[in-house]
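First residue of the sequence shown: 37, per the numbering used here; consecutive thereafter. Using N, Cα and C, we set each Cβ at its ideal position, and we do this for glycine too. Data block below; observations after.
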Amino acid sequence: MSAKYSSARPVNIFFALCLGVSIGLHIVSALMVVYIWTDPADSGRISYLEMSDLVPAPTASPPATLSTRIREQKPAVQTLPEPVPVPVQESPAESEENVSERIANEDIRTTPLGLGMAYGFVSSLGEGATLREDIREYYLVLVEKINKVWWERAGTLSDVIGQDGIAVIAVKRDGTIIDRVIRRGTGSPEVDQALLDSIDKAAPLPPLPASYGQEVFTAPLKITAPSRLLRATTY
37 MSAKYSSARP
47 VNIFFALCLG
57 VSIGLHIVSA
67 LMVVYIWTDP
77 ADSGRISYLE
87 MSDLVPAPTA
97 SPPATLSTRI
107 REQKPAVQTL
117 PEPVPVPVQE
127 SPAESEENVS
137 ERIANEDIRT
147 TPLGLGMAYG
157 FVSSLGEGAT
167 LREDIREYYL
177 VLVEKINKVW
187 WERAGTLSDV
197 IGQDGIAVIA
207 VKRDGTIIDR
217 VIRRGTGSPE
227 VDQALLDSID
237 KAAPLPPLPA
247 SYGQEVFTAP
257 LKITAPSRLL
267 RATTY
């Protein structure tokens, strides 16, 4: 009996020791909890959860510049539809032959030969071959001066020279024309009168040569009809 009792005693002592340690741990834990809840440093502090901590703050946009405000306030420009281009009708190309002929006609009309072929010309009878040298040169100068006036006038006429005509003029020593007359008409009264007007407009003529022994020089003038080649494109 005493042996059985002696073997159970160490077990009871171990159990009592474990129970004491457990109770001690619970007491220490309870004291720590009470200390935390009763800490004077944290007794008056209350924690709040702000909504600003949850929602991110909006990013502030930079202030609008003056050019941006003007661009925003500027009314929209209405774009008009572009006009439909009108096709240009090209004239038919002129053949090289026609161009060459036209240029040749334009060039020749700027020369005395071309003007004479287009409008006719005044000339001396027989080039004054029977005259003396001094008066023959005067004769040719007289014809040249009358021709310049005639070519200016002939371009304004509505009629043409139908045939070669002859006029006669009388010139005093100082170059004054004292008479002019149509001896043979050109077939057109308009042309005959234009020839007389051209003789009058050519005055005053140069004085007669000092070696010429007479007071009046009588000069026959021939007016030749224009060339048929250029007449059709001139009148």
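For G56, the number of other beta carbons within 10 angstroms of its own is below 16, and it is reported as exposed. DSSP, read as helix, strand or coil, puts V179 in helix. Beta-bridge pairing by DSSP links F51 to no other residue. In this structure, the alpha-carbon of L167 lies about 35 Å from that of T192. Residue burial annotation: V158 is buried, with at least 16 other C-beta atoms found within 10 angstroms of its C-beta. Under the three-pair Cβ rule at 8 Å, the region 187–203 does not count as touching the region 239–251. Residue N183 holds the alpha-carbon nearest to the alpha-carbon of M153 among Y174, R172, V204 and N183. A Cβ-Cβ separation of about 6 Å places I213 in contact with V207 under the 8 Å criterion.
The distance from the Cβ of Y175 to that of P262 is about 23 Å, inconsistent with a contact at the 8 Å cut-off. For V158, the secondary structure class from DSSP, reduced to helix, strand or coil, is strand. Around the beta carbon of L53, fewer than 16 other beta carbons lie within 10 angstroms, which makes this residue exposed. Taking 9 Å as the cut-off, the beta carbon of D195 is found no closer than this to the beta carbon of S234. The beta carbon of F253 lies closer than 6 Å to those of V207 and L244 in the same chain, with the five residues before and after it left out.
Between I171 and R209, the alpha-carbon positions lie close to 12 Å from each other.
Ranking L61, L241 and R220 by CA distance to the CA of E180 puts L241 first. Assignment of beta-bridge partners to I205 by DSSP yields R216 and A255.
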